[in-house]
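A quick write-up on the structure given underneath.
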C-alpha cells in the first residue's frame, strides 16, 4: 500500500477531486463505488511502477472499497450488538420486575409455592417458545437470503455474460449480507429489462429476415433457417448484427425488384394504350402483381419470366411501331405536297415531319388532314394550279435577280446569254402578268361556283396576295438601291476629302491618276487630268464603267490622219502610259478646257458595255 501510494503521489495520479470522493450526501456503498471507479481510472503506468499485477490490482481495489465502507460505518457492528444487548437487558429487567409484581400479588392471596412455580413456569415456557420460534424464523430467513444470494449471483453472472458486461463485483458488500442480496436483486431486475429489450429487438430482426426471405423466394428450411437463434433466447451480438446486415442487403434487392416491376408495368401499360390491342394472360399476370402488398413474392423465377414476357411484348410493339411510322411517313409526305398545293400557312401546318410515338392520334390526324385537304384541293384545283404556275414564274424572277451581281452572269457560252436575257424579259413582261391574269379568271370562276367560300393565302385572297408579294419586293429593291447610292456617295465624299489608293483596272494595271502622277516632276499631263475627270463622272452612275481603260501605246499607233480628226488629243505622256476614261467620253479639241469635256449621263440610263 505504501509503494502504491508513493507511486500515485509521485505522478499526481490522484486529482484534487479524489479528496472529495467521500461525500456525505451519498450512501457508503455509493461512495465505495466511486472510490473503486477512481482507482480503476488510474493509468496502467502507475500500477506497473508500483509492481502490481492484474490480480493484486483487483484485490487492492476491492480492499479499498471495503475499507471505505468500514471507514464510513466504523461503529455499526458494535452499535448493533450494544443495541441488542441493551434490549435484552431491558427485557430481563422487565421479566424480573414482572415476577416481583406477581409474587406480591400472589402473597396477598397466600398462594402456595407449587401454584406459583407452575404459573411462573408457564410464563417462562411461553417466552421460551416465542424466542425459539423467533430464532427458527430468523434462521429460515437467513437461509433463504443465502440461497437467493447464490441464485441471484448465478443469474446475474449469466445475464452479464449474455449482455457482454463485466462480472458483478461481490466485494462491494459483505458476504451473505442483506445489502449484497438487495444489490444482486436490483442488478438482476435491471439486467432483465435490458435483456427483454434486446430479445424484442432480436425477434424483430429475425421476423424481418423471415419476411424478406419469403418475399424474395428463399427457403427458410435450409441451413440458414436452422442457424437462426430462438426468439426466446438472447443470441450473441455478432449473430444479430450479421442477420441485420443480411436484412439490409435483402431490402436493397427487394427495392430493386420492386422498382423494376413498376417500370415494366408502366412500360407495358403505355404500349397497350398506344397499340389499343388485347393482351394475353401472361401480360395480365405481370400487370396484376401488386408490389405494394406485403405478401407479394418477387422471386428470381418470377423476374426471369417477367423479362421474357416484356421482351416478347417489346418485339411486337417495335414491329407495330415500325409499320405505323412507315404509314405516317407516307401520309406526311402527301400532306406536305397538299400543304404546298393548297398554299397552307406555316402556322397551320401543325403535324410534325417526324413520327412521335407519344402522340397517340398523330397518324389518324394525318389521315384526316390528308382527306380534308384533298377535298379542298379538288374544289379549288383550278385556282391552286394557276397560283402554282404564277409562283413558279415568280421564283424564276427572283432567281434571275439574285444572280445579277454574279461574275458569270454575262458569260456568253454557246449564245446562252442572249437566250437568258430574252427569257428574262419575256418572264417579266409576259409570263408573270399572264399567270396573274389566269389566277384572277380562275378565282372569279370559283367564286361564281362557290359564292359562300373564299380562298385565303396567308390571310389574303389570291390577287391581294400576289399584289402584296410584288409590291413588297419592289419596295425592298428600291430601298436596296437607295442604300447602295448613299454608300457610294459617302465613299466618293470620303475619297474627295482624304484621297484613297485606286483599285486595279480590268487590265490588271494601276490606272494613272493623282496618286500616281504626284510623284512626277512638274505638272501632270493633260491626258491624266482628263482621265481623272472621266473616272469621277463615270463613278456617279456606274462603278463598272470606270474600270474601262485603254493603253496609251495604242494611241501612238494611230495614223496622223486619225489624230487630225480631233478624236484623240495630243499628249506629252511617255509611251506606254494609260488613262482611265468612261465609255462615250469625247475629248475636247485643242484650245478648249479639258476638265469639261466629259458630259454626265442622265440618271437611270442603261450602261451598255
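In this note's numbering, the protein residues as written are 24 to 632.
For glycine and all other residues, C-beta sits at the position ideal for the given N, C-alpha and C.
The C-beta distance from residue 483 to residue 491 rounds to 6 Å, short enough to fall under 8 Å.
When only Cα atoms are considered, residue 230 and residue 218 end up about 18 Å apart. For residue 188, the three-state secondary structure derived from DSSP is coil. Using a Cβ distance threshold of 7 Å, residue 389 and residue 355 count as a contacting pair. DSSP places residue 132 outside both helix and strand once states are collapsed to three, so it counts as coil.
Assigned with DSSP and collapsed to three states, residue 480 falls in strand. With respect to residue 417, residue 462 sits apart: the two C-beta atoms are not nearer than 7 Å.
Residue 454 and residue 493 have their C-alpha atoms roughly 14 Å apart. Across the set 124, 114, 216, 399, the C-alpha of 114 shows the shortest separation from the C-alpha of residue 151. For residue 381, there is no enclosing alpha helix (DSSP H), as DSSP gives it neither H nor E. If you look at residue 337, you'll find it in the alpha helix (DSSP H) that goes 323-364. Contact annotation, residue 321 with residue 281: C-beta distance approximately 7 Å; criterion of less than 8 Å satisfied. Note on residue 135: under 16 other CB atoms within 10 angstroms of its CB, so exposed under the neighbour-count rule. Judged by their CB atoms, residue 365 and residue 332 are not nearer to each other than the 7 Å cut-off. Under the three-state reduction of DSSP output, residue 377 falls in the coil class, being neither helix nor strand. Distance between residue 371 and residue 410, taken at the CA atoms: about 19 Å.
Using a Cβ distance threshold of 7 Å, residue 478 and residue 367 do not count as a contacting pair. Apart from sequence neighbours up to five positions away, the residues of its chain that approach residue 319 with a beta-carbon distance below 6 Å are 313, ordered along the chain. Closest in alpha carbon position to residue 443, among 457, 459, 426, 458, is 426.
Straight across, the Cα-Cα distance linking residue 298 with residue 363 is about 32 Å.
Residue 55 sits away from residue 83, with the two beta carbons spaced by 7 Å or more. Straight across, the Cα-Cα distance linking residue 80 with residue 70 is about 8 Å. The C-alpha of residue 88 is placed about 52 Å away from the C-alpha of residue 274. The straight-line gap separating the alpha-carbon atoms of residue 149 and residue 53 is approximately 44 Å. Nearest to residue 196 by alpha-carbon distance, out of 189, 205, 111, is 205.
Between residue 174 and residue 257, the gap from beta carbon to beta carbon reaches 7 Å or more. Annotated as proximal: residue 178 and residue 211, with beta-carbon spacing under 7 Å.
Just measuring C-alpha positions, the residue of 335, 289, 293 sitting nearest residue 305 is 335. Distance from residue 85 to residue 194 at the Cβ level is roughly 4 Å; contact confirmed, criterion being Cβ atoms closer than 8 Å.
Leaving aside the five residues that flank residue 215 on each side, the residues in its chain whose CB is nearer than 8 Å to its CB run, in chain order, 182. If you draw a 10 Å sphere on the C-beta of residue 266, you find 16 or more other C-beta atoms in it, and that means buried. Counting along the chain, residue 73 sits inside no alpha helix (DSSP H), nor does DSSP assign it H or E at all. Only exposed fits residue 521, as fewer than 16 other CB atoms lie within 10 angstroms of its CB. The Cβ atoms of residue 340 and residue 294 lie closer than 7 Å to each other.
In the DSSP annotation of this structure, the continuous segment of the alpha helix (DSSP H) that includes residue 234 starts and ends at 201-239.
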